[in-house]
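All remarks here apply to the structure that follows.
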Amino acid sequence: MFNIPPAWLLILGALLLPLFTGRSRNCFLLFVTALAFAWIVALEPGSYLRVQFFGFDLTLLRVDKLSKFFGYIFTLYGFAGCLYAFYLRDMRQHLAALLYIGSALGVIFSGDLVSLYFYWEIMAVASVILVLAGGSEKSYAAGYRYVLVHIFGGLCLLLGIVLFIHNTGSVNFSAFSEYNLSTYLILLGILINTAAVPLHAWLPDAYPEATVTGSVVLSAFTTKTAVYTLIRGFPGWEILVLVGCIMTIYGLVYALMENDIRRILAYFIINQVGFKVVGVGIGTAMALNGASVHAFAHIIYKGLMFMAAGSVIYMTGKKKCTDLGGLYKSMPWTTIFCCIGALSMSALPLTSGFTTKSMIVVGAEHEHMFWTWLVLQIASAGAFLLASLKFPYFIFFGEDKGFRPGESNWTMLTAMGLLAFLCILIGVYPDVLYGILPFDAHAYHPYTASHLSTKLQLIMFSALAFFLLLPLLGKTRTISLDTDWFYRKGFQVAYSGISKFFTGLNNISEKSMLGIVRWLAVFFKDASTRLVMYVMITLWLLSGERGTKLEMRKRNLYLDMHKGTVPVGVGATLATIFIVLVFMLN
Amino acid sequence: MMEKNDSQQENNLPRRPKIILWGILLFLCAASVVPEFFLTRKDYFGIDGMLGFYALLGLTSCVALVLLGNLLGHFLKRSEAYYQERL
Numbered sequence: 001m002f003n004i005p006p007a008w009l010l011i012l013g014a015l016l017l018p019l020f021t022g023r024s025r026n027c028f029l030l031f032v033t034a035l036a037f038a039w040i041v042a043l044e045p046g047s048y049l050r051v052q053f054f055g056f057d058l059t060l061l062r063v064d065k066l067s068k069f070f071g072y073i074f075t076l077y078g079f080a081g082c083l084y085a086f087y088l089r090d091m092r093q094h095l096a097a098l099l100y101i102g103s104a105l106g107v108i109f110s111g112d113l114v115s116l117y118f119y120w121e122i123m124a125v126a127s128v129i130l131v132l133a134g135g136s137e138k139s140y141a142a143g144y145r146y147v148l149v150h151i152f153g154g155l156c157l158l159l160g161i162v163l164f165i166h167n168t169g170s171v172n173f174s175a176f177s178e179y180n181l182s183t184y185l186i187l188l189g190i191l192i193n194t195a196a197v198p199l200h201a202w203l204p205d206a207y208p209e210a211t212v213t214g215s216v217v218l219s220a221f222t223t224k225t226a227v228y229t230l231i232r233g234f235p236g237w238e239i240l241v242l243v244g245c246i247m248t249i250y251g252l253v254y255a256l257m258e259n260d261i262r263r264i265l266a267y268f269i270i271n272q273v274g275f276k277v278v279g280v281g282i283g284t285a286m287a288l289n290g291a292s293v294h295a296f297a298h299i300i301y302k303g304l305m306f307m308a309a310g311s312v313i314y315m316t317g318k319k320k321c322t323d324l325g326g327l328y329k330s331m332p333w334t335t336i337f338c339c340i341g342a343l344s345m346s347a348l349p350l351t352s353g354f355t356t357k358s359m360i361v362v363g364a365e366h367e368h369m370f371w372t373w374l375v376l377q378i379a380s381a382g383a384f385l386l387a388s389l390k391f392p393y394f395i396f397f398g399e400d401k402g403f404r405p406g407e408s409n410w411t412m413l414t415a416m417g418l419l420a421f422l423c424i425l426i427g428v429y430p431d432v433l434y435g436i437l438p439f440d441a442h443a444y445h446p447y448t449a450s451h452l453s454t455k456l457q458l459i460m461f462s463a464l465a466f467f468l469l470l471p472l473l474g475k476t477r478t479i480s481l482d483t484d485w486f487y488r489k490g491f492q493v494a495y496s497g498i499s500k501f502f503t504g505l506n507n508i509s510e511k512s513m514l515g516i517v518r519w520l521a522v523f524f525k526d527a528s529t530r531l532v533m534y535v536m537i538t539l540w541l542l543s544g545e546r547g548t549k550l551e552m553r554k555r556n557l558y559l560d561m562h563k564g565t566v567p568v569g570v571g572a573t574l575a576t577i578f579i580v581l582v583f584m585l586n
Numbered sequence: 587m588m589e590k591n592d593s594q595q596e597n598n599l600p601r602r603p604k605i606i607l608w609g610i611l612l613f614l615c616a617a618s619v620v621p622e623f624f625l626t627r628k629d630y631f632g633i634d635g636m637l638g639f640y641a642l643l644g645l646t647s648c649v650a651l652v653l654l655g656n657l658l659g660h661f662l663k664r665s666e667a668y669y670q671e672r673l
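Just so you know, the sequences run in chain order A and G.
If you count the first sequence from 1, position 319 lands on 319 in our numbering, and the numbers rise without skipping.
To get our numbering, take the position in the second sequence, counting from 1, and add 586.
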């Protein structure tokens, strides 16, 4: 009875949405997401709904520990997001959000590559609508670029899937063990969705341009669904370790330079997803558990931070760090919840990050991967500095800009409170998650004296660095160039360069060709006149003509040659002589 | 009116609390290193068993990241109108 994919629940909900209006629609959204959560709890592990589709064996519902694990957090966060968006009456965004979350669940629970691709593309379309709903010129431009990047990613994925099916004949989605073109293409398509550097620029480009609630919903699903597919399909692929390490540092460095608060959060997403990608790359059960559990915690605390940022934007209308400051007085609860989220991101003891992120680091330790481990520790220290100290500092503390907006409305606060509560719950009582870990690894105990002491050292000295370097950490009213420069300005520059080159070449050839032709025309016009004049003047000079009579004869001859029919006669005479000569000489 | 005065006054924290806050920070930093004297930590890579390694790691990574960020910012920052969106 329960063997219906949870995705269908949400999609059906989306279809029924027009029946509701106003507040009842928001309540319906809450109901649907809560129902989906309960549904997932009730699902039994197994593969169901095998259907035949054009000769392929599709498995429309595959339930196991991993898919259930991700299903829980997706529906939970969906519920929190719908609660946060309770004030929203925009039908288009509600519809897009339900389809988005529903198709994300579809990807999670599909057992074959064809349905995976189908839901993947629906996710892309639904998320574009959320970006476009931002309504400004920048939203449309960012949405346009988002579509292009995701079409490219989708095509890579499709090509890879088609090649894979052709090579192996199987449609089943499980760990890929062969390193060939088809699997690499699938990996590329998935990595674009995880925002792997250098194909990541769509994320900080598009997420800040969505609406307040749009960003909250967007932040969780595209990247984490891609992480799920990586965990399922590519465990232990070493290239992921390198990609992930680059992502962690890249995200932090760019977050340092940015001014728009949601763009900073977007770069934090890249940083944190980098940890998960490294976890998948390490591939041991501990590391994969770490990646899954970190995804769970990350969705919660990143969502919380996006909610807090969204509230600030909603209440003040300002979205840049340079415009904000001193809000803790007027938005105390938002400040507290944001700080809880930020501290979770930095893995402070008693928060969810501490009990989850460290599993990936321990995975690296057990595999004796020194440089990877070092990069992860550096990224953790940097994440504390930027996320827990710098981010709340510039928005809520720091230089007071004099705003006194009201506190966020109560549904926003309840949603944030729910997520903050979960952050602390997972931190203080991690067995909530450890009991449902998707992979079997030996038990992990985060609260050991050595772990606590080393973590506190890392954190306290990062804090010291923050306060020492505070003068260097000012924000500027600028943007920073990222890899999307290549397809935004880069193509323009290349195009105008090529255009200038070929236009210049055109101009040069035109000038020279016309010049030659013009010169030739002038030459030939005058040539016959000159020749005849030359001959006649010599004859007249020889025959003794001088003075004005000579001049008059010269002028008459010139006029005759130019205006009269003399050239025709001369031409005819010369031609006749030429023909006679040819005839005679033959 | 009153609020405007408020914000101007609160721009800078007065002196004394600042010193106290620094004191707390430095105390906490020292306190985090103290347990190292009493613990035997298992180290995985040799170097991470060194006394105060994580403290050093935290400090240097943050300083390095901030400096790197500022350096890159020097090259990569542009005005907000750089891309001049045209649809």
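In this text, a Cβ means the ideal position worked out from N, Cα and C, and glycines have one as well.
For residue i, three-class secondary structure by DSSP
i              : result
R591 (chain A) : Chain A is shown from 1 up to 586; residue 591 (chain A) falls before or after that span and cannot be answered.
Y48 (chain A)  : strand
N259 (chain A) : coil
F461 (chain A) : helix
N172 (chain A) : strand
D629 (chain G) : coil
K320 (chain A) : strand
F53 (chain A)  : strand
D634 (chain G) : helix
D112 (chain A) : strand
V293 (chain A) : helix
T355 (chain A) : helix
Y640 (chain G) : helix
Where the beta strand (DSSP E) containing residue i begins and where it ends
i              : result
S665 (chain G) : 663–665
I479 (chain A) : 478–480
Integer Cβ distance of residue i from residue j, believed to fall under 8 Å
i              : j              : result
P438 (chain A) : T355 (chain A) : Contact flag wrong, Cβ pair sits at about 16 Å.
I340 (chain A) : A443 (chain A) : So it is not a contact: roughly 27 Å between Cβ atoms.
L17 (chain A)  : L95 (chain A)  : 6 Å
G279 (chain A) : A287 (chain A) : 4 Å
F394 (chain A) : L469 (chain A) : Incorrect: roughly 14 Å between the Cβ atoms, too far for contact.
K390 (chain A) : L458 (chain A) : At roughly 16 Å, the Cβ-Cβ gap does not stay under 8 Å, so K390 (chain A) and L458 (chain A) are not in contact.
N259 (chain A) : R477 (chain A) : 6 Å
S67 (chain A)  : I108 (chain A) : 5 Å
F396 (chain A) : T335 (chain A) : 4 Å
V114 (chain A) : V171 (chain A) : 6 Å
I282 (chain A) : V241 (chain A) : 6 Å
Terminal residues of the alpha helix (DSSP H) in which residue i lies
i              : result
D57 (chain A)  : Looking at the DSSP string, D57 (chain A) is not in any alpha helix (DSSP H); the run it does join, the beta strand (DSSP E), is 56–63.
W237 (chain A) : Careful: W237 (chain A) lies outside any alpha helix (DSSP H) and carries neither H nor E.
T538 (chain A) : 491–542
K554 (chain A) : 547–563
M369 (chain A) : Element bounds for M369 (chain A): n/a, residue is neither H nor E.
A347 (chain A) : Segment: none, A347 (chain A) is in no alpha helix (DSSP H) and carries neither H nor E.
T411 (chain A) : 410–428
S24 (chain A)  : 22–42
Interface residues of chain A facing residue i [CB-CB closer than 9 Å]
i              : result
K663 (chain G) : M257, T476, T478, I479, S480, L481
F631 (chain G) : E365, H368, F370, W373, L374
G637 (chain G) : According to the sequence provided, residue 637 (chain G) is Leu. The question's Gly does not apply to it. Result: empty, since nearest Cβ-Cβ is about 10 Å, beyond 9 Å.
Residues of its chain near residue i, where Cβ-Cβ distance is below 6 Å and the 5 sequence neighbours each way are ignored
i              : result
A220 (chain A) : Y77, I299, G303
T529 (chain A) : M561
Own chain, CB closer than 7 Å to residue i, minus 5 neighbours either side, in chain order
i              : result
E365 (chain A) : W373
A126 (chain A) : A96, L99, Y100, S103
Contact list for residue i against chain A, beta-carbon separation under 7 Å
i              : result
R627 (chain G) : S450
G659 (chain G) : M257, S480
Where residue i meets chain G, residues with beta-carbon distance less than 8 Å
i              : result
Q52 (chain A)  : Simply none; closest approach about 45 Å.
F466 (chain A) : C648
Under 7 Å from the C-beta of residue i: neighbouring residues of chain G
i              : result
M460 (chain A) : L614, C615, S618
L472 (chain A) : V652, N656
G382 (chain A) : S647, C648, L651
T454 (chain A) : Y640
Under 8 Å from the C-beta of residue i: neighbouring residues of chain A
i              : result
P603 (chain G) : Near P603 (chain G) there are no residues of chain A at all, since even the closest Cβ is about 13 Å away, more than 8 Å.
Chain-order list of residues whose beta-carbon lies under 8 Å from that of residue i (same chain, five-residue window excluded)
i              : result
I436 (chain A) : K65, K68, F69, Y72
M533 (chain A) : K554, L557, Y558, M561
T223 (chain A) : N193, T194, A195, L203, I269, V273
G326 (chain A) : F396, F397, G398, E399, D400, K401, G402, F403
Chain G residues whose Cβ lies nearer than 9 Å to that of residue i
i              : result
R488 (chain A) : Y669
L469 (chain A) : C648, V649, V652, L653
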